[in-house]
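Residue numbers (the working numbering), protein chains in the order written: chain A, 880 to 1262; chain B, 880 to 1262.
Here you go:
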């Protein structure tokens, strides 16, 4: 059996995601759909609005066959690393095609990746973010605008695939209706961005979401209090105020003395200030909101370089759930697994390769009360 | 002018404390009453129920002339160190007498101190707390029972005074009515223990407290939500879950691998478990509740050996408030100060000698919202 892969966050699973699954099924009705999904903390530096188990269930009940967790050390990364880690897992699972949304599905991402091999941003521009200087260098090289978020991510997938021997066929799909950063819901449409959905939830517009998410997601939204940064903010604030800059320096992603600024700005704010208010006092041209938000997550989870090394040296496949087709595909993979396949967290693994994921789960649990790892078995959706 | 000293916590200031002040005034009507008071975290390992400024004000309005903060590094210590640090400050202030409550005011504490010089507990008894073995050794040596909490503290004061050259005259005063550990209010009396007062507050019996505290304390109790361990518990829990045992090991007071037990017991508890429930799962004969509670504070505040060293190497006198008599006494001391006198926290001192106090203030502020150090001036009570 062949498999088609998606790298995603499903925060939460909405009609746009469902549309993508349906497209894949119409093209490849017999193939297994494999999803690599962020766990409880996401690439852009925020907690997931619902935990990984709830979101995996949403995916499985909407046509996905196999859900793999992108470990927190692999996920809370700049886009290039995030993409690389996702592609690496899909390759290890023997997935032959990657479907991804793009603002310009007509671009030849594979060719672009070859062209920009070795291209780097100008790191000397100290008043700019590295990502911005990299984008400029890329555009100058290939002559096309790749500044849109999904195009950029597509290029990152293509580059990772190039670096990993082009084992996977890339299938960009034109994004429809909602834009990635859209914050408003359009009542003439049925697809909205995940951030518009979360924003409306936060503003109390819950019933209206029914039009933009599958029924199962809507039920989950009704039954759970969606998690956001403000839930973790008291913990992050406490952590930054009680840790010396010397110790903060060892947090993954800390650079250029920003630890002093993080702490100083925080000390000056009233206790009533929100996460977002703090971020805006810290943000600079060089340290963008997203980069700082990601750093805030690594501080919150106490992630250090050795946690990242553990993942890089010992990657694994962490199973969150499967359908009967997913199980069949998995059995095929298991005959000759490239990475170990983890179906449950043992006393040993929680202190070794799964240490960072386990810690992230414990922190997430402080807000939701739900155990994330111990005694959890992959979801079986065999209906 | 001469001064009489008290070492205390005022958690909160109650009628028993007022009675002691009145006794001192009747014996020494012209002397300055100097109090060394714990700040926002207390000797027995708990947060103060109201912040140090509120409690200093209560003291000043009830007859105390000068309130000095016992720094957090000097205060969150076993009784012997706590006593030593308090006596050291009083001596540096040139205080000539120390008044303290005792269950046996007839004991000759000065003589006892000389007798037990060099006496140590049997540290090899691994199933007992050190404090218990020390008490046994002391009783064996002097032939009197000093197991009652205030007698024990009196002996600790006497020992510290002995070690510091017996500069201070010791005046034990018979404790009346309430016992230290009493949890109930006795309606036929007007004095209750501070813990009985806090316990009744926690149970919602607020109006009844009017009989046991001066008016100003009662007003403060009405106007403030009293702080307790459960307020800080989510932060402590987060800290323990996200810190490796290897790093926890560097916390002041951590010993004998207890860091593993602290973490393991916590991981197994539901998120709904309270601080007290966790403590009871961790507690052993060797690690008593009080020792663990003190350890919980040093973890919460990230206190390490170098913080304690900073205090030991550079002790100081941190002024919280004074009356006109207190001011006069202070001017006398200032002519030839033994330790630097701190009236406000500067940008420099918050990063050097006051680092630990500043951090403790920031953590306390997370709960109350009130800044504890920056821009705070000593209270002047000149009426």
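For glycine and all other residues, C-beta sits at the position ideal for the given N, C-alpha and C. Since the model is a prediction, treat every value here as computed from it, not as a measurement.
- In the three-state reduction of the DSSP assignment, residue 887 of chain B falls in the strand class.
- The beta-bridge partner set that DSSP reports for residue 911 of chain A consists of A/882.
- Counted as a single uninterrupted DSSP element, the stretch harbouring residue 1053 of chain B is not any alpha helix (DSSP H) but the beta strand (DSSP E) occupying residues 1048-1053.
- Within chain B, the residues whose beta carbon sits less than 8 Å from that of residue 1238 of chain A are 1120 and 1121, listed in sequence order.
- Distance from the CA atom of residue 934 of chain B to the CA atom of residue 1074 of chain A, rounded to whole angstroms, is 47 Å.
- Chain A has no Cβ within less than 8 Å of the Cβ of residue 1132 of chain B.
- Taking C-alpha positions only, residue 1019 of chain A is separated from residue 994 of chain A by approximately 11 Å.
- In the three-state scheme derived from DSSP, where H, G and I count as helix and E and B as strand, residue 1165 of chain A is classed as coil.
- About 6 Å separates the CB atoms of residue 1031 of chain B and residue 958 of chain B; that is less than 8 Å, so the two are in contact.
- Excluding the 5 residues flanking it on each side, residue 1093 of chain A has same chain C-beta neighbours closer than 6 Å at 897 and 941, in chain order.
- Taking a Cβ-Cβ cut-off of 8 Å, residue 1262 of chain B has no neighbours in chain A, whose nearest Cβ is about 31 Å from it.
- Secondary structure of residue 1202 of chain A (DSSP, three-state): strand.
- With respect to residue 902 of chain A, residue 955 of chain A sits apart: the two C-beta atoms are not nearer than 8 Å.
- Under DSSP, residue 949 of chain B shares a beta bridge with B/917.
- Counting along the chain, the unbroken beta strand (DSSP E) around residue 977 of chain B starts and ends at 976-981.
- Contact between the region 884-897 of chain B and the region 1235-1246 of chain A is not established, with fewer than three Cβ pairs separated by less than 8 Å.
- B/931 is the residue among B/894, B/880, B/884 and B/931 whose C-alpha sits nearest the C-alpha of residue 1247 of chain B.
- Contact note: residue 1150 of chain A reaches chain B through 1244, 1245 and 1248, using a C-beta cutoff of 7 Å and chain order.
- Taking the beta carbon of residue 1114 of chain B as reference, the chain A residues within 8 Å of it are 1113, 1114 and 1117, listed in sequence order.
- A Cβ-Cβ separation of about 6 Å places residue 1171 of chain B in contact with residue 1158 of chain B under the 8 Å criterion.
- Between residue 927 of chain A and residue 988 of chain A, the CB-CB gap reaches or exceeds 8 Å.
- C-alpha of residue 1039 of chain A to C-alpha of residue 1029 of chain A: approximately 15 Å in a straight line.
- At a Cβ-Cβ threshold of 8 Å, residue 1231 of chain A and residue 1257 of chain A do not count as neighbours.
- Shortest Cα-Cα distance from residue 986 of chain A to any of A/1010, A/1025, A/1017 and A/978 involves A/1025.
- Look at the beta carbons and you see the region 1151-1166 of chain A not touching the region 1211-1226 of chain A: under three pairs across the two are nearer than 8 Å.
- Close to residue 1241 of chain A, with beta-carbon spacing below 8 Å, are these residues of chain B in chain order: 1120, 1121 and 1146.
- With fewer than 16 other beta carbons inside 10 angstroms of its own, residue 1192 of chain A counts as exposed.
- Residue 1140 of chain B is bridged by DSSP to nothing; it lacks a bridge partner.
- Exposure of residue 1259 of chain B is indicated by the presence of fewer than 16 other C-beta atoms within 10 angstroms of its C-beta.
- As computed with DSSP, residue 970 of chain B is found in no beta bridge at all.
- Residues of the same chain with a CB within less than 7 Å of the CB of residue 1220 of chain B, apart from the 5 flanking positions on each side, are 1196, 1198 and 1213 in chain order.
- 8 Å or more divides the Cβ of residue 1016 of chain B from the Cβ of residue 997 of chain B.
- A direct Cα-Cα distance of roughly 10 Å separates residue 880 of chain A from residue 975 of chain A.
- For the set B/936, B/980, B/1010 and B/914, the Cα lying nearest the Cα of residue 964 of chain B is the one of B/914.
- By the Cβ rule, the region 1133-1140 of chain A does not count as touching the region 1094-1104 of chain A, because fewer than three pairs are nearer than 8 Å.
- For residue 1081 of chain A, the closest alpha carbon among the candidates A/1108, A/1149 and A/1070 is that of A/1108.
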